[in-house]
Structure formats: structure tokens, C-alpha cells
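A.B. asks: A single structure is presented below for examination.
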Amino acid sequence: MSDGSPRRRFGLPPPEVLFAFAALGLVLLFGSLFNANGVFFQPAVHADALWQIAGFGILACGLTIVILAGGIDLSVGSVVALSGVIFTIASIREELPPVVSFGLAIAAGTGCGFLNGVMVAHLRLQPFIATLAMMAFARGLAKSSLLSGGVKIQRMPPPSEIEILNAKLDLAGLHVSLGTCIFLACFLATFVALRHFRFGRHVYAIGDNAQAAWLSGVPVKRTVVWAYTACGLLAGIAGVLFAGLERQGNPDGGAGYELTAIAMVVVGGTSLSGGRGGVTLTLLGALTIGYVRKILDLNGIATPAQHMITGGIIVVAVLVPKLLSRGLLHRDPGRP
Amino acid sequence: MAIRIPSLLVLATLAFACMPGCEKAAPPTSGTPAPVTPTPATTTFTIGYSQCNRGEPWREQMDKDIERNAAKEPSIKLLMKDAQNDALAQQGHVKEYISQKIDLLIISPKDSSLTQTVAEAYDAGIPVIVLDRAVEGDKYTCFIGADNRVIGKAVGEWVVQRLAGKGAIVELKGLGSSIPAADRSEPFREVVLKAGHAIVYEADMEWLGDKAREKMQAALALHREKNSIQLVYGANDPAAIAAYYAAKDAGREGEILFVGVDALPHEGIEAVKNGLLAATFEYPNGTDVAIATAMRILKGETVEKKIVLGTRLFTKDNLPSGGEAVK
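Protein chains in written order, with my numbering: chain H, 1 to 336; chain X, 1001 to 1327.
Right, dumping it as C-alpha cells:
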């Protein structure tokens, strides 16, 4: 199960996976207790919740790779807008074939990620600064007169390639949307890349100690470029999904999504300082954050209170495992 | 598209190259300064227009409308500047207009921090029309703006007239801290609750379509029996449209009426035309009134200090005739 610490000594799942499960379990328990007269037990509610989580979850998968490699990507929210705008311009305004529309949107995301990687690895900009610059640039590009000109791209009724993302697949009675399936595919791809490819080992090694990784022959620059490129690719896919969900390309969309996605990574238990964590944790973190929102919505909790509760949950979800693992399991005595 | 985006790099280079050109450049003033004293017929009047933020779709439309309305008056030469949501930049724009000795200033200020600068223009003898957002004091010629409370009430009255019997209503409200959100909500609630309708779910969608969809999904889950929701009021059109799509995904769009506010041509109006929204109420930008008022001022007439704009109701039936003014 663990794709977490490479220093794992026992056959049991490492504690961070157990903590992430516990957090999700607690949230679902709350959902069952405050079930809004049984509404929480309807399968449709969970299908909706998963579809809502899907786009953010894909962003979080990409961010997991970058964060594990000791970086951060603040540009994914803007890349969502850019990719969504390109996808809808291609499909709605230019009426290009769906494959081309998807391809252009995802290529745009990948390109942004690649540039991020080059700025971090080769120009030696701090990840925060490089991706902050990309955040501004991609937003500007999405809104520029070259692309949307600042207006939402939509058609009523929407073209079929947008509707198809909302199509429901009947999986053993649970009507799961295609978008949710794409999220699961992205998760599996990230999982395999991190767990079963040399790339994954390199990512962990760089995040743990870039100097040591370099000395032991890890191609640091190439791996970092790949990590950001993968993150951009996933953000491009997420942008298409959000455009499908909203039936429009919104040049102002995606604002702040990077923070939700980072919260999902952190709540899962991946360390922001790099080298420790994994995408399984992120999946659990994404479900935790996503279900908190759903449960609060079902119970009619006002939006300001929702923000406060989410903030509280982030702190608790990060602090409790830290205290417990320090106190009970005596892990990492050397770390501050 | 395919030609325009051979690769992202090319696109990126292009974007960099055109960045200075993307700003709304004012047309060059043609040598001779505009005459200070208006004389009839052949005179051209230079009107300086200062927009606080073209980046918002509603204001983008406002700019297009003022250009269109100004073009109808052959004697008007319209200069345009966009402050890109920066109050200091907007102050600078007004000062440039003052030194250019324009004949009249139309300003949609970012906020009341423009009060002093607007007063400077007014004191310099330039008539000032303040659009949509107010400034403090009385050193301006005329304020023109819409009233969200009028719109909220108009929506409520339309809903009461439209819903037979007692209806269950979902209200998707604008950002909790914003005054327009309260103004579009309170009079609406007063009218519909008095008529015996119930608001069965209400939520703050922060003016955002994506938030509105999530809230609407929750509303649909909580009221899952058929016909347990009759109407959704979205405080702006994107929310109402997002709610429609949420209902469509649940297969329930046919049993619910969706009402929005703003009536932008490519959004609310389009949604009414395509049957997504039952109605949308215009939040007018007042550019037509502003240009007409400007002409009156320039001809030497005295105008009202404050003009409150009404709203127009758009439904599928009255769309071809350009909507219907609400009294």
C-alpha cells in the first residue's frame, strides 16, 4: 500500500497512511452522523462528491510529484483556466475535432509545466518564484485577446465533447461520471510513475536531499523538469475536466484552486519539505477535503464557517500525526 | 486555432510581444485642442471615459456599449482608458484628461478614493458624469447608477406572479460581504416570503458559477423528491446557469424554473434564448443614459444630480422585442 517512506522497515502500512485513512474515516463518520436525514447515504451524493473532487484531485496528484521533489507549483490554478479556455475555444469556437481540442489543451498545460521545470532546474529560480511568475503569465494568456479576450467561452447547449465529460458510467449501480474515471486513471498513472519507475526513486531522492542525490548520480535537472512537466500535464487535464463540469471556458476560473490542491496534498500527509509522502496519501487527502465540503454543504453550513472549518481541519490533520508519531513511535528524532 | 497555436512557445512569445498593445490605447489627440466653449452643429466634443476595470465581463460589455452609444453621436469623440482595477492608475488617468482639457468626463470609479480627483476635474470646469459606483460629496455633475434593491424586488414580484400556489425556492446568494448581494437578496425574500413561498435552501455562492453548482447539487440531494423545488434564484446569471446544469445532471431541469440577474448578451440573454433560464433581469450599465446626459450637458442644459436606472425583464417571449421595462 505504501508509496511513502523508502525507509520503511515493517510490513505494516506506514503510520502516515494509517493517519490519512483515520482522517478520512473520521470525516465520513461525521457525514454519517450529520447525514441530513439520510441524504448522505444516497449513492448519487457520492457520485457528485467524487466528480467535484476529481479536478482538484488531479491537480493534487501533479502537485504531489513536485512537492515530493522538494518544489511547489503555484501556477496550476491559472493553468486550469488556460487549458479550459483553449479547450473550449478549440471545441466551441473553432469546432475542431475533439481529439485536437483535448490535445491542444493538454499540450498547453504540459508546456507551462515544462517551462516551470526549466526555470527551476536550469535557470535556478526558486520554485515559489518561478511558478508564481507562471501563475501570472498563464492567467494573462488565458484572458488575453489572443485567446478569450477576457470573456467566458460557452455555447448553449454545449457541444458533445463537453457533455461527454459529464456522462455517467454505470459501474455496478453507482453512476460514476467519466471525469471521476479520468481522475482515477491519473491517480494510478502517478502511483505507477512514482512507485515502479526510476523516475519515482529519483523524485524522492531529490526531495530528501538534492545534493546527496546529485552526488550519487541522480540526474537532478532532468528529473525536476519531468516532475514539473508532469504536474503541468495533469493541470491541463484538470482544466479540461473543469471546463466540462462548468460547460464553459472561464478565463477567470481556477483562481485559488492551487491552494485547495496543496491542502489536499498536505492533509494527506505528504511533507511540504519534500522527500516524504506519496500519491496514495494525496488520494486520501483529496477525499477528506472534498467530503468535508460536501458534508458541510448538505448540512447547510454557511460559507464563511466552511472556510474556517476547512482551515481548522488542515491544522489538525497535519498536527495530530506529527505529535503522535513523535510521541508514540519515536520517528525522526533528528527533525525539528 | 490550429494555426494560431503551433506551439505554446510561439504563443508565449506572441503574448509577450503584444502585451503593450493589449492595453486600451487612447486615440491620439489630433493636434488642435478641443474648443472650450461649445458651439452648435459642427463642433466635436471630446469626452474622456475612465473605466476602473475592463477585466470584469460586465464592465467589458459596458465599454463596448459606451463605444457603440458614442458612435451614434457624430459630434462626440470618445477617449477611453482602463485602470485595470488600480485606483491610483485611475487617478492618473483623470489627471491626464484634465490636462488634455477634455469637454466632459465620464468615470466609473473603482471606489470613493477617486472623490478628490473627480472634484479636481469638476473644479477645473469639466462636467463629470459618475457611472455605477458613487463618489463622496457633491463635486460632480450627475451620478447614474442602477439599484440592486429595485432588481431584487422586481425578481420577487415576477416569481410570485409566475409560481402558482406555494412554491419551494432555492436561493443562491452573492458573496456574503458584498452590498449588492444583500441588496439583491433582501427585497426578493421579503416579497416571496410574504406571498407564502418557502425558501428551502439558501447558500452563498460567492458570485461564482462553480460554487453555485456545488450548492445546487446539495439542494437537489436534500430535496430529492420530484417537484420538491419549483424555482432557483441565482443572484447572478452564471450562478443560475450553473444551477441549471446541476439540475440537468440530476435529470431534473424540466421541473424547475431558473432566474438570474445581469442579462449580459452572451450569458444571461443567451441562456434565456436557449431555454436554460426562465428569466433574467438586467443590471443596466447606464452607458446609453450617460451619453444622452452628456449631450444634454454639452448643449448647456441642466441635468438631475442623480439618475437611478430601472431594470428590464427578459423572457423567451419578450426577447425578440428587446425585453420589457419593469416599473
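Heads up, the beta-carbon is just placed ideally off N, CA and C, and yes, glycines get one too.
Report the residue from X:Leu1276, X:Leu1264 and X:Tyr1122 whose alpha carbon sits nearest the alpha carbon of X:Arg1252.
C.D. replies: Per the Cα distances, X:Leu1276.
A.B. asks: What does H:Leu171 pair with, by DSSP beta-bridge criteria?
C.D. replies: DSSP output for H:Leu171 lists H:Leu174 as bridge partner(s).
A.B. asks: For X:Phe1281, which three-state DSSP category applies?
C.D. replies: Note: X:Phe1281 maps to strand in three-state DSSP.
A.B. asks: For X:Lys1306, which three-state DSSP category applies?
C.D. replies: Three-state DSSP puts X:Lys1306 in a strand.
A.B. asks: With X:Asp1237 and X:Thr1280 assumed to form a contact (beta carbons below 8 Å), what rounded beta-carbon distance in angstroms separates them?
C.D. replies: Indeed, because the Cβ distance is near 6 Å, the residues count as touching under 8 Å.
A.B. asks: Quick one: does H:Met339 have its CB under 8 Å from some CB of chain X?
C.D. replies: Only positions 1 to 336 of chain H appear in this structure, which leaves residue 339 of chain H out of reach.
A.B. asks: Quick one: is X:Glu1023 near chain H, going by C-beta distance under 8 Å?
C.D. replies: Any reading at X:Glu1023 needs caution, since the residue's pLDDT is 40, under 50, leaving its predicted position unreliable; the model's value is listed next. X:Glu1023 does not count as touching chain H.
A.B. asks: Please report the straight-line C-alpha distance between H:Thr229 and H:His46, rounded to a whole angstrom.
C.D. replies: Distance between the alpha carbons of H:Thr229 and H:His46 is about 32 Å.
A.B. asks: Exposed or buried, H:Thr282, counting other C-beta atoms within 10 Å across all chains shown (16 or more means buried)?
C.D. replies: The residue is buried, with at least 16 neighbouring Cβ atoms inside 10 Å.
A.B. asks: Quick one, are the C-beta atoms of H:Glu246 and X:Ala1242 less than 8 Å apart?
C.D. replies: Yes, Cβ-Cβ distance for H:Glu246 and X:Ala1242 is below 8 Å.
A.B. asks: Relative to the C-alpha of X:Val1191, which candidate in X:Leu1220, X:Val1155 and X:Leu1104 has its C-alpha closest?
C.D. replies: Nearest of X:Leu1220, X:Val1155 and X:Leu1104 to X:Val1191, Cα basis: X:Val1155.
A.B. asks: Count the CB pairs spanning the stretch 1050-1070 of chain X and the stretch 1102-1115 of chain X that are closer than 8 Å, and state whether there are at least three.
C.D. replies: Output reads yes: the stretch 1102-1115 of chain X touches the stretch 1050-1070 of chain X.
A.B. asks: Which ranges would you report for the alpha helix (DSSP H) in the stretch 1139-1186 of chain X if only whole runs of at least 4 residues count?
C.D. replies: DSSP runs (the alpha helix (DSSP H)) wholly in the stretch 1139-1186 of chain X: 1148-1162.
A.B. asks: Buried or exposed: which applies to X:Asp1247, given that a residue is buried once 16 or more other Cβ atoms fall within 10 Å of its Cβ?
C.D. replies: Checking the displayed sequence, the identity of residue 1247 of chain X turns out to be Ala instead of Asp. It is buried - the Cβ of X:Ala1247 has at least 16 other Cβ atoms within 10 Å.
A.B. asks: For chain X, is any of its Cβ atoms less than 8 Å away from the one on H:Asp208?
C.D. replies: For H:Asp208, the answer is no, since every Cβ of chain X falls outside 8 Å of its Cβ.
A.B. asks: Checking 8 Å against the spacing of the C-beta atoms, do H:Leu194 and H:Val120 come in under that value?
C.D. replies: Not a contact, by the Cβ cut-off of 8 Å.
A.B. asks: Since H:Ser148 and H:Val85 are thought to touch, with beta carbons under 8 Å apart, how far apart are those beta carbons, to the nearest angstrom?
C.D. replies: Right, their Cβ atoms sit about 5 Å apart.
A.B. asks: Of all the residues that make up the stretch 33-46 of chain H, which are near chain X by a beta-carbon distance shorter than 9 Å?
C.D. replies: Those would be Ala36, Asn37, Val39, Phe40, Gln42, Ala44 and Val45, in chain order.
A.B. asks: Using a Cβ cut-off of 8 Å, pull out every chain H residue sitting near X:Asn1274, in sequence order please.
C.D. replies: Within chain H, the residues near X:Asn1274 are Met156 and Pro157.
A.B. asks: Per DSSP, what kind of secondary structure is X:Glu1255 in: helix, strand or coil?
C.D. replies: Residue state, collapsed to three classes: helix.
A.B. asks: Against chain H, which members of the stretch 1054-1069 of chain X pass a CB distance test of less than 8 Å?
C.D. replies: Residues passing the 8 Å Cβ filter: Arg1054, Gly1055, Pro1057 and Glu1060.
A.B. asks: Using a C-beta to C-beta distance shorter than 7 Å, which residues of chain H count as neighbours of X:Gln1217?
C.D. replies: In chain order: Asp48.
A.B. asks: Check whether the stretch 150-157 of chain H touches the stretch 240-255 of chain H, counting contact only when three or more Cβ pairs, one atom from each stretch, lie closer than 8 Å.
C.D. replies: The stretch 150-157 of chain H vs the stretch 240-255 of chain H: in contact.
A.B. asks: Establish whether the CB of X:Asp1262 and some CB of chain H are separated by less than 8 Å.
C.D. replies: No, X:Asp1262 lies away from the interface with chain H (no Cβ there is under 8 Å from its Cβ).
A.B. asks: Closer than 7 Å by beta-carbon distance: list the chain H residues that pair up with X:Gly1176, in chain order.
C.D. replies: Simply Thr303 and Pro304.
A.B. asks: Could you list which residues in chain X have their beta carbon closer than 7 Å to that of H:Leu298, in chain order?
C.D. replies: The contacting residues are Ala1218, Ala1221 and Leu1222.
A.B. asks: Could you run through the stretch 163-193 of chain H and flag, in chain order, every residue whose CB is less than 7 Å away from some CB of chain X?
C.D. replies: Hits within the stretch, in order: Asn166.
A.B. asks: If you measure from the beta carbon of X:Glu1073 to each beta carbon in chain H, is any gap under 8 Å?
C.D. replies: With 8 Å as the cut-off, X:Glu1073 does not count as an interface residue toward chain H.
A.B. asks: I want to verify the contact list: residues of chain H whose CB lies under 7 Å from the CB of X:Asp1379, in sequence order.
C.D. replies: Here chain X comprises residues numbered 1001 to 1327, so residue 1379 of chain X is not present and cannot be evaluated.
A.B. asks: Is there a Cβ from chain X that is less than 8 Å from the Cβ of H:Val151?
C.D. replies: So, interface residue.
A.B. asks: Is the Cβ of X:Tyr1245 closer than 8 Å to any Cβ of chain H?
C.D. replies: Yes, because at least one Cβ of chain H sits closer than 8 Å to the Cβ of X:Tyr1245.
A.B. asks: Check X:Ala1203 in the structure and name its three-state DSSP category.
C.D. replies: The answer is strand: DSSP assigns X:Ala1203 an E or B state.
A.B. asks: What residues in its chain sit with their C-beta under 7 Å from that of H:Val203, if we drop five residues either side in the sequence?
C.D. replies: If we look at H:Val203 and ignore the five residues flanking it on each side, its Cβ neighbours are Ile65, Leu68, Ala69, Leu194, Thr223 and Ala227.
A.B. asks: Taking contact to mean 3 or more Cβ pairs, one atom from each stretch, closer than 8 Å, check whether the stretch 1260-1270 of chain X and the stretch 1307-1317 of chain X are in contact.
C.D. replies: Judged by Cβ distances under 8 Å, the stretch 1260-1270 of chain X makes contact with the stretch 1307-1317 of chain X, as three or more pairs qualify.
A.B. asks: Where does H:Asp73 sit, in a helix, a strand or coil, going by DSSP?
C.D. replies: Reduced to three states, the DSSP call for H:Asp73 is coil.
A.B. asks: Quick one: residues in its chain with C-beta nearer than 7 Å to the C-beta of H:Phe10, no 5 flanking neighbours on either side, listed in chain order?
C.D. replies: Residue confidence for H:Phe10 is low, a pLDDT of 49 falling below 50, so the modelled location carries little weight and cannot support an answer.
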